[in-house]
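Trainee:
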Amino acid sequence: MLWKKQIPLAITFIMGLILGIQYFVPSSTSDWVFDEYRTWGIIIGLFGSVLAYISFYRAHGMRIKKKAPAWPFSVVAIAMSLAMAFVGFAFGREENTVFMNMYTYILVPIEGTMFSLLAFYISSAAYRAFRARSAQATALLVAAVIVMLGRVPLGEQISFWHKLWPALPTFTDIANWILNVPNMAAKRGMGLGIGLGIMMLSLKIVLGIERSYMGSGE
Amino acid sequence: MAEDARKKTFWERLIQIDRRVIYLIIALAMILPFFFQMGLPIPVTKEVKDIYDHIEALTPNDVVILSADFDPSVSPELLPMFDALFRHCLKKDVKTIAMSLYIQGPGLIAPIIQEAAKDYQKVNGVDYVFMPWIYGYTLVVMDMMEDLKATFPTDYYGTRIEDIPIVKKIENYEDYDLIVCFTGSSSYAWWLLYAHEPYGVPMATGVTAVSAADIYPYIQSGQYIGMLGGLKGAAEYETLINEKRMATMGMEAQNWAHIVIILFIIIGNIGYMAIARKK
Amino acid sequence: MHISINPWVWLGVFFTFSVLSFLYKDNPFYKLAEHVTVGVSIGYGMVIIWHNALIPRFYMPVFQEGKLILIIPAILGLMMILRIVPKYSWLSRYAICFSVGGGAGLAIPRSMQASVLRQLEATMLDLGFTTTQGINNIVIFVGVLAVLIYFFFSKEHKGVFGGIAKLGIWFLMVGFGATFGYTVMARLSLFIGRVLFVLQDFLGINLAG
Amino acid sequence: MHLLKVKALPVAILLCAGIWLAASGCTPKGSPPAVPTEVQVIDIPADDGTNVVIAWRRFSASTARQYDIYYSTDPESLTNEKFRKKLEPVTRSVQVATPVVGDTTANKVEGLGYYLVLEEVEGKTPIAKVIKATPENRDSLESVGEKIIACEHELAPSDVDNRELRFARGKFFRITPPEGEPEPERTTIENSTIETGPEGFVIEQGKGPLILDVGLSDKELQFRLAGDRIEDFDPENSALFFKYGKEIISLVTEKNRYNLSSEIVQTVIRGNIEPGSEYYYLIVAKDDKDRTSETEMMQFTPVDDPPMCPANTAAVLDTIDGRLMITWTGYDPGLAPFRDVDRYEIHRFEETDTALIGGELLGTFNPDFSASFIEGDFNREDMFYIASFDNTGQRSVSQPFGITPTRLSKPDMVDNLALVDVENDDGKALAVRWGNPKITLELNIIDPSPEYTETELPEGYYLIDSGEEKRLVHYEPGDTTLPERAVPVFSAHRWIAPETFDVSVRYKIFANDEHDVPYAKLRLDGGDWENDYQEVGLFTFDNLPAGEHTFEAVILNSAGREVENPEARVTQTVVIDKPGTIKDDAPTEMVQVWRGNYALIDTVEEKDSVVTEVFLEGPPHFEPTNKRTFELAGLRGILARQLQNSWPDSLRNKGEYYYFVRVFASDGAYTESDILGPMRPQSQWFHTEKTMVLILVILFVFFVNFFLAAARKGKRFYLRPIAGIAHLDEALGRATEMGRPLLYVLGLNGISDIATLAGLTILGRVAKKAAEFQTRLIVPCVDPIVLIVAQETVKTAFMDAGRPDAFNEDDIFYAAGSQFSYAAAVAGLMVRYKTAANFYMGMFYAESLILTETGSMSGSIQIAGTDAITQIPFFITTCDYTLIGEELYAASAYLSQDPLQVGSLKAQDMLKAIYMAVIVLGTVAMTSGFMWFVNLFKIRLEQ
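Residue numbers (our numbering), protein chains in the order written: chain A, 3 to 220; chain B, 2 to 280; chain C, 890 to 1098; chain D, 6 to 948.
1) Pair every Cβ in the segment 974-981 of chain C with every Cβ in the segment 173-181 of chain A, then say whether three or more of these pairs are closer than 8 Å.
2) What are the residues in the segment 1083-1094 of chain C lying within 9 Å of chain D by C-beta distance?
3) Return the bridge partner residues of Pro410 of chain D from the DSSP annotation.
4) Enumerated in chain order, which unbroken segments of the beta strand (DSSP E) with a length of 3 residues or greater are wholly contained in the segment 435-472 of chain D?
5) Go through its chain and collect everything with a Cβ distance to Gly210 of chain A's Cβ below 8 Å, but skip five positions before and after it.
6) Using alpha carbons as the reference points, say which of C:Leu1085, C:Gly992, C:Ser1004 and C:Leu1034 lies closest to Met17 of chain A.
7) I need the DSSP call for Asp805 of chain D, collapsed to helix, strand or coil.
8) Following the continuous alpha helix (DSSP H) through Gln1022 of chain C, name the residue where it begins and the one where it ends.
9) What is the C-beta distance between Val836 of chain D and Thr859 of chain D, in whole angstroms, given that I count them as a contact (C-beta under 8 Å)?
10) By how many angstroms is the C-alpha of Gly934 of chain C removed from the C-alpha of Asp547 of chain D?
11) Pick helix, strand or coil for Asp582 of chain D, following the three-state DSSP scheme.
12) If we ignore side chains and look at the alpha-carbon of each, how far apart do Asn631 of chain D and Ile680 of chain D end up?
13) Determine, for Leu965 of chain C, whether the minimum Cβ-Cβ distance to residues of chain A falls below 9 Å.
14) With H, G and I counted as helix, E and B as strand and the rest as coil, what does DSSP make of Ser897 of chain D?
15) Have a look at the DSSP bridge pairing and note the partners of Pro550 of chain D.
16) Determine the DSSP secondary structure at Leu640 of chain D, reduced to helix, strand or coil.
17) Using a Cβ cut-off of 7 Å, which residues of the segment 35-64 of chain A contact any Cβ in chain C, in chain order?
18) Mapping the DSSP letters down to three states, classify Leu340 of chain D as helix, strand or coil.
19) How would you write the range of the beta strand (DSSP E) that Arg999 of chain C sits in, first residue to last?
20) What's the gap between the Cα of Leu143 of chain A and the Cα of Met1074 of chain C?
21) Rounded to a whole number of angstroms, what is the C-alpha to C-alpha distance between Val122 of chain D and Thr60 of chain B?
22) Pull up the DSSP beta-bridge partners for Cys884 of chain D, would you.
23) Would you mind stating whether Tyr286 of chain D and Leu83 of chain D have Cβ atoms separated by less than 9 Å?
24) For the putative contact between Val142 of chain B and Trp192 of chain B, defined by C-beta atoms under 8 Å, what is the C-beta separation to the nearest angstrom?
25) Is the beta carbon of Ile985 of chain C sitting closer than 9 Å to the one on Met216 of chain A?
26) Can you grab the Cα-Cα spacing for the pair Leu477 of chain D / Ile451 of chain D, in whole Å?
27) What did DSSP end up calling Glu777 of chain D once you bin it into helix, strand or coil?
28) May I ask you to report which of helix, strand or coil DSSP gives Cys846 of chain D?
29) Check the Cβ-Cβ distances between Arg21 of chain B and every residue of chain C, and say whether any is below 9 Å.
30) What is the C-beta distance between Arg667 of chain D and Gln597 of chain D, in whole angstroms, given that I count them as a contact (C-beta under 8 Å)?
31) May I ask you to list, following chain order, the residues of the segment 228-242 of chain B that have a beta carbon less than 9 Å from some beta carbon of chain C?
32) Assign Trp937 of chain D to one of two classes, buried (16 or more other C-beta atoms within 10 Å of its C-beta) or exposed (fewer than that).
33) Sort D:Asp484, D:Lys260, D:Tyr119 and D:Val492 by Cα distance to Asp470 of chain D and report the nearest one.
34) Residues of chain A with CB closer than 7 Å to the CB of Tyr819 of chain D, please, in chain order.
35) Whole angstroms are fine: how far does the CA of Ile27 of chain B sit from the CA of Gln876 of chain D?
36) Does the Cβ-Cβ distance between Gln348 of chain D and Phe394 of chain D come in under 9 Å?
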């Protein structure tokens, strides 16, 4: 129990205390503490990523072994990971190497296109899901439409009232007002609460009250 | 059961239209404007103008850091911003440090830098310097605030830092007059926390349209001079420096896509209400 | 128009369309692209971590500069790997506690400064009814308080209190609407970026003219 | 079904491979990069002979990416590959220009009839001459030259056609002037007006802007009229060349492509060569496929030159107190890095001493000095000379120079000069501070809607812009004295002064870190004071009537009180009658800061216990009482109010420093302060600016502990029910009915994110229910540590529910490591398993919509909870229920019903109440001007 629980909790407490105090101390020792903590964290993370790779190979290996549906794709995934690692270690990572080309012409287009699928999902959501179900949802909807109009040249063009009476705001002005005033109030109110939540959690971790990050059991 | 058997009304059929039709419409709205341009005027917002004015007020001895902290996934939005600001800096003859805290960053901006330098007949190492990626993220920010030359032993092309004329007179934070970071994540906060807050170097940021709303509080609190938000921000900047480039073109596509999406929302809701009234 | 002769560009275009084909329906091309990214990103991560983190942050300091103290985090890291050995998995707690404890300690004062103090100070505004800024400040002031009240959990939302909380949700919804509208634009830009890739890099159409 | 899909896969792979192979077969092999030509060695003047510049010509079409210069005293080591490998070359990287696949037909110039003739030069690239064919010379051109077919403004790829790539020197432009008459251009002359005088129209310095419509100068007209052509670049008319033409990068003839654009590449061999020794060297050019080509072996001998002669010498005799000031320039700024000076000596010059070796030595100065006062008896007729010595004793002397008698006005020493340790730092910085806070005003006057009258000018008026002034001159037609740059003026638009102006006033505060003066207040014409608490420093007055106005401003300290000091107040009376900017003249005094310290030497123990001493900083012969041994630490304008010196980590908390300053007037006279110090930079143990953070943290810890203690003692706090929880249970029930699995997504962030933790708590509850209902629960993870914790959480939940057997570890797995791979993997899961309910609890980024849209496509019930502000709108619009921000934390507390969690939520509420109170008080204070309260919450972390 001591080795499995008390000592880890003590480590958490001591580390939390040291780095909490570190913030208030401008001295060079404090800088040193901060730098060392970061370096140590990076090194631990390095080994942590090994764990991730083990999990990846285990998951896909299992799929192949079990002949799960679409298992050949798992072969592709494993093969590609090995190929990428191989070309990276064998031929270097400078520009115009196979490694960088695989990165630029395989990883980048796929990830970029996946990101861009969102453009389609969003229009589908706009058509099918974005409903004025209640007064509040209407507020969300109206704000969204105004901001969308205010962010493109069209918004300025269809603000006909502005041409008749230049003192009246255009869509762009209204969109900016929404972003700068009510939106900011909402974000700030939420942000204060979330900041408080983060501090609360951190404190509970340091004090050993919150332990779920250690995994439950025992 | 009876509902199913009943013949579908016009609105029901319209609402239940296959989503692939929606996909096709939006795709056309975004692709066609590249071939048929309308040349809409682009109004400039204050947040963008403020950055422009700040750079306009700089003198050739001032130093601007442009940090392209993004990866390819968000480069369609952020690259045009970097392009526009870099061009403006070259035009104004201010000393420009181009860099990135992200490993993919330098590769993305290298062609842009080369092209802009060619257009303005500027020389690497004399008018601007292009730094390589260095591991460390926030550590890099902290290091370069204290000592630029110690942070980057060479430039992106491998020239030793001592041999680069432009950095001779650049030591540390006291010499920086503006930092602009372009980011799709939260690296704007890194610069804020480790460069602006402790050292007071003026800052501005270029962010994706999504995070733009999160930046407004920082502008109001005066931590940022201004902001470029998404492609529109970049297009506005292109308008200010009077060069219609990538962003302005993308903006046109953007414009039509927005119209289509707004129409989608309107039709969707009319249908929704029509169906609801029937029931 | 000059179709690219670079085979890599062809590959990029092939995968771009493979991913886009998912919009039609899930299909082997999409699956191929999906698994290729997963694999390539894992391989990429390995190489990058090796060269950009392991070598400069661990190998060089320990074996060339003799900074032996870094062996301790390495041992902690190895303990982390012991996760996969159920009998010794508890040892990984030492590493987790080190990182999490330190992170928590870092977060408390920094969040207090950035998320609380800064925001409190920024909300202390000069109210007024005569200038636009003054009126905007009133709206912000009311909005922040209303949103804070909405997130009160130890009091039921009833009466005046409930009314203010309701006002809070209105502010939240307008805020979310703004975020939505702004986000739409970003998402579209991404697709436009892909269009540019296909038109310029692959088909070689000069659009700038 | 699956078989079919699987079969398509190898086809796709083969297809890819095929395209790839086919396309790579087309890529040409190419040749090694061009050898550098016109290599020359340039001696660096006045250096110590350990540097030499190697320069060569590089054409833009060259594929060389890098040049390695190998050098050695032994020619053998260069010729022999094995030896050469041991040498460390000096590397010069260059940017390889990216070729552009362009349409060359657009640049065809065949019809213009130009021929390219090459003039061979011994040992150099030939010089290109472009000659236009005439009937007389056509035949001879055909024989000696090549007909030019096209000119290229971009670099073409090497394989674009079958022409051979060759190089030639020359700078040519293709000039393509526009057709038709030029449109008049507008030019604005600030602050001028046009008046009718006895000699016609004249431009007079006066009110407001003047706009002139002008044509083109004769020279430009000629240039335009010369038509489409290729022309040798003329630097004198570079503006015209760039306006109407484009530089030619390559000229294309029938057989060849001549690359013309080139640059001289230079690189310095620095520091590790011996002066006087004979070196052999060669240059290896390398392209990006590492193909190389190299020059022949060549020679250089570095020379240790004498130091640079001190230039710009001047001796000024102060006729009041008889002091003599001597100033000089040691090294050109460009050569400063190679400065090779040990000391300067100032001697009195004697008539007989023509060799300049004798004469009375008046003073010896370290290389940083460039000015000094010299005490002694001097006559008006005295002459001096300055000698500089390098480390090997070589000497250069200036010309003898005499005295310029003048009456120097010594500037006053700055007030409040102090050397201080910089507060709240880590022992790396000292600062010299001086002066009082000072404020200045800058007025920007704008005409809100400018109006103009138009005057047509008769023919014959020209604008002559000499750069300093603009004149309007009348010339008769055919007048040969008309200057080249004169442009005809057609009409003038005179500005009409309005009745009101918009004025913006910007103040600038000059202060150092010790002065606590963040902002100022301002009033117009003795009216009410306006405070600027936002620290923007800008006041705007719209529609201010033209006429005299008085602006008055005072600096305020952070408590909002006026600063007592004459410089902290400014009153400016100005006449506002035209647009423009009005600002105070800034003081011209400069403060030069000198620093001295004992040499810092560190001992480093290397292997085999060899102790070496490392010299860190400081001059070797420092004496704290002798200002001549100090080093220059920096120069600041007097308004900067401080100069801060910081040192790298290796020097922090080390060394004692002495300082003195000199205040320079613009005429070069200066006053020196006493020596300040010694002082040692100190680390501080508490950052005083962070006091408020500390108070808030203590308050926070106290509150949390108070409520947690109460909760532990058994006190129950009320928690309002959270709507989302009912939805959670409903979704679980639905999934059971359908008999399809549940999907639980914990977001992208790691274990130390509060949203992830809250997600894990809720996961415990969901898992327990899933175990009870015997529904399969799938948890794909992205973070390895979260994965482990999730596995344990689910395992525990299954055990608590009494069904450890139903727990399948493989259902909680690592899906992918990056955002979109993960999103794709999870989206795939939803489609494949047709999940009944999807839960998203944690931190999400852009992938959220991919997940939720796919989920709603497959008809799952979706419940989300996140504090990711940008993603909440998407969750709200696509999910059945969304826990917004803190509701997620609250739901986790509510579900666990753990008194500690509920207690901390209560503490959070109480703190929120306190913050609200602070906001209300702060707003009241701000509105009524009690700045001290607002300032309690401001932290200034700027140094």
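For every residue, glycine included, the Cβ atom is placed at its ideal position computed from N, Cα and C.
Mentor: Considering the structure as presented:
1) no
2) Gly1093
3) Beta-bridge partners of Pro410 of chain D (DSSP): D:Leu322.
4) 443-451, 456-461 and 466-470
5) Leu11, Thr14 and Phe15
6) The shortest C-alpha to C-alpha distance from Met17 of chain A to any of C:Leu1085, C:Gly992, C:Ser1004 and C:Leu1034 is the one to C:Gly992.
7) helix
8) Thr1021 to Tyr1039
9) 7 Å
10) 59 Å
11) coil
12) 9 Å
13) yes
14) In this structure, Ser897 of chain D counts as helix in the three-state DSSP scheme.
15) D:Thr505
16) strand
17) Tyr39, Thr41, Trp42, Gly43, Ile44, Ile45, Ile46, Leu48, Phe49, Gly50, Ser51, Val52, Leu53, Tyr55, Ile56 and Phe58
18) helix
19) Taken as a continuous stretch (DSSP letters only), Arg999 of chain C belongs to no beta strand (DSSP E), being part of the alpha helix (DSSP H) at Ser981 to Ser1000.
20) 15 Å
21) 46 Å
22) DSSP, once it has assigned bridges, lists no residue as partnering Cys884 of chain D.
23) Contact check for Tyr286 of chain D against Leu83 of chain D passes: the beta carbons are separated by less than 9 Å.
24) 6 Å
25) yes
26) 27 Å
27) helix
28) The residue you asked about is not Cys; residue 846 of chain D is Met in the sequence shown. Strand, per DSSP.
29) yes
30) About 4 Å separates the Cβ atoms of Arg667 of chain D and Gln597 of chain D, confirming a contact at the 8 Å cut-off.
31) Gly230, Gly231, Leu232 and Lys233
32) exposed
33) D:Val492
34) Ala54, Ser57, Phe58 and Ala61
35) Between Gln876 of chain D and Ile27 of chain B, the C-alpha separation is close to 22 Å.
36) The question names Gln, but residue 348 of chain D is Arg in the sequence shown. Yes; because the gap between Cβ atoms is below 9 Å, this pair is in contact.
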